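There are 2 protein chains.
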Amino acid sequence: MGDTRVEILEAAVDILIESGYDALTTEAIADRLEISHSGVHYHFETKDDLLIALIEEYLTDQLEAKVAFDGPPEKQLPKLLEFRIRGAKTIQQLEIPPPSIQLLAATGGSDDALRQALDTLFEAYVAELTATIRDGVESGVFDTEAPERTAWTLAGLIEGAEVRASHDGSPAPFVWGIEAYVLPALYVDESPTLNVEVDDG
Amino acid sequence: MGDTRVEILEAAVDILIESGYDALTTEAIADRLEISHSGVHYHFETKDDLLIALIEEYLTDQLEAKVAFDGPPEKQLPKLLEFRIRGAKTIQQLEIPPPSIQLLAATGGSDDALRQALDTLFEAYVAELTATIRDGVESGVFDTEAPERTAWTLAGLIEGAEVRASHDGSPAPFVWGIEAYVLPALYVDESPTLNVEVDDG
């Protein structure tokens with residue numbers, strides 16, 4: 001049993017988190033799974049193929065997580081935000097650069113396929129935020145004339161938190177920025193506090 | 202005349218912007234300046250030494266630019282913001298990753314000295330924003346109980362704009378986020394529009 005392709009991707013994430021991008025080799029993956037190098041190469045011809053699949057798996061996870069906490073927009077928006085802020089918190093605890101930075105790092109942004117996969121990931125997240133904000137405007141719980149720009153603003157602050165966390169800094173000020181500036185202006189009724197504990201920097 | 206050390210740093214910035222991190226070699230710098238490789242090595246023993254000096258030069262430039270537009274806090278804050286948003290706009294026009302990402306890219310965040318230099322750069326910028334916001338609170342033009350967190354929020358949005366620009370995206374939504382959410386809550390009187398033209402994404 002077990003899907004080798006999925007096992008390879010999971011091993012790749014573990015290696016990336018534990019030891020960073022340089023340690024991510026087909027050899028390391030093969031050793032960890034106790035399979036042959038050619039077994040890894042059968043599924044992913046190049047490291048780039050692997051990285052792109054990795055990003056696309058993350059994307060699927062995110063969308064699935066979103067579906068899991070489907071609810072009214074005023075409840076769904078905090079969940080969507082918390083989902084990625086927890087990611088930033090994990091990054092801070094592990095004291096590693098976020099995978100997206102590590103992957104970009106691999107190529108200095110010069111690998112178009114990889115870059116495009118990262119863009120797709122980020123844009124899918126912004127699209128979820130935008131849809132949720134639009135729903136909330138329609139149902140009267142949110143007030144904004146620019147749902148998509150608001151989504152970008154929120155996503156940008158979370159990206160800031162991730163980058164900050166990757167520099168051993170606290171994501172706390174960015175979470176605060178969302179709570180203090182964006183949500184109070186967006187929510188017609190009282191705005192929520194995000195349910196994430198982040199240590200002060 | 203001419204300080205070779207400064208010329209090397211300027212050539213390094215040009216190469217980084219034109220051709221990216223991989224192209225940044227002592228050979229490329231020596232060729233561009235028509236000096237010997239050892240001339241480059243005399244000033245910077247390793248590529249890391251060069252990169253760290255580069256970041257510190259940027260830092261100096263930023264602080265000098267800040268002094269150049271010294272004024273009352275309500276005028277100075279937009280200038281400080283515009284200064285870095287213009288950087289994001291340049292990044293978008295050049296279609297390159299921002300130098301900070303390129304430099305992080307070089308090491309995957311694993312080079313502590315380089316990472317620390319980048320942190321120092323970012324923190325100096327946040328410190329300038331914080332001082333300006335504190336001044337404004339004292340003189341009664343700004344209203345916030347958390348000048349430093351507000352500064353992080355603003356800096357984070359600009360970082361978001363830079364990262365976005367490096368993915369061929371427009372910094373516009375982040376600029377809008379600053380104008381629509383943060384400045385109106387911060388300014389006691391009418392908040393300013395930032396004087397930067399950024400194309401819509």
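If you read the sequences in order, they're chains B and S. Just so it is clear: in the first sequence, position 146 is 146 by my numbering, and no numbers are missing. Positions in the second sequence are counted from 1; adding 201 to them yields my numbering. Quick reminder that beta carbons are idealized off the backbone N, C-alpha and C, glycines included. From a predicted model like this one, the values you see are computed outputs, not experimental measurements.
Closer than 8 angstroms to the CB of B/A185 there is at least one CB belonging to chain S. Taken atom to atom, the span from the alpha-carbon of S/A373 to that of S/R365 is near 10 angstroms. Contact annotation, B/L186 with B/T130: C-beta distance approximately 13 angstroms; criterion of less than 8 angstroms not satisfied. By DSSP's assignment, B/Y187 forms a beta bridge with B/F142.
With a cutoff of 8 angstroms on beta-carbon distance, S/H242 and S/T205 are scored as not near each other. Interface flag for S/L251 against chain B is unset, since no Cβ pair is found closer than 8 angstroms. When secondary structure is reduced to three states using DSSP, B/F69 falls in the coil class, being assigned neither helix nor strand.
Rounded to the nearest whole angstrom, the CA to CA distance from B/E148 to B/V126 is 8 angstroms. Using a 10 angstroms sphere on the CB of B/V182, the tally of other CB atoms reaches 16 or more, which defines it as buried.
Cβ-Cβ distances below 7 angstroms link S/E257 to A318 in the same chain, with the five nearest sequence neighbours on each side left out; the list follows chain order. For the 8 angstroms CB-CB criterion, B/P192 and B/T132 do not form a contact. By the neighbour-count criterion, in which 16 or more other beta carbons inside 10 Å mark a residue as buried, S/T351 falls on the buried side.
At least one CB of chain B lies nearer than 8 angstroms to the CB of S/Y382. Contact between S/I286 and S/V376 holds, since their C-beta atoms are separated by about 6 angstroms, short of 8 angstroms. Here S/H238 has T227, E228 and A231 as same chain residues with Cβ atoms under 7 angstroms from its own Cβ, once five neighbours each way along the sequence are excluded.
Here B/T150 carries a helix assignment [DSSP, helix/strand/coil]. Under the Cβ distance rule, S/L278 does not count among the residues neighbouring chain B, no pair being separated by less than 8 angstroms. In the DSSP assignment, B/S38 falls within the unbroken alpha helix (DSSP H) covering H37 to H43.
Considering only B/Y21, B/G20 and B/L33, the residue with the shortest C-alpha distance to B/E10 is B/L33. Per DSSP, reduced to three states, the secondary structure at B/S19 is helical. Not a single CB atom of chain B sits nearer than 8 angstroms to the CB of S/P348. Going by beta carbons, B/F83 and B/Q76 fall outside the 8 angstroms limit.
With fewer than 16 other Cβ atoms inside 10 Å of its own Cβ, B/E138 counts as exposed. Under the 8 angstroms criterion on CB atoms, B/G177 is classed as interfacial with respect to chain S. Shown here for B/A53: same chain residues with a beta carbon closer than 7 angstroms to its own, the five before and five after excluded, namely L9 and F44 in chain order. By the neighbour-count definition (other C-beta atoms within 10 Å, threshold 16), B/V188 is an exposed residue. DSSP places B/D3 outside any alpha helix (DSSP H), giving it a letter other than H or E. For S/E208, no chain B residue has a Cβ inside 8 angstroms of its Cβ, as the nearest lies near 24 angstroms away. Of the other Cβ atoms in all chains shown, fewer than 16 fall within 10 Å of the Cβ of B/P184; this residue is therefore exposed.
Annotation: B/E197 is outside any alpha helix (DSSP H) and is labelled neither H nor E by DSSP.
Assignment of S/L251 by DSSP, reduced to helix, strand and coil, places it in the helix class. Ranked by Cα distance from B/D48, the options B/Y21, B/P78 and B/N195 are led by B/Y21.
Under the criterion of beta carbons closer than 8 angstroms, B/G156 and S/W353 do not qualify as touching, at roughly 13 angstroms. Classified as buried, B/V198 has 16 or more neighbouring CB atoms from the shown chains inside 10 Å of its CB. When Cβ-Cβ separations below 8 angstroms define contact, S/E391 makes no contact with chain B.
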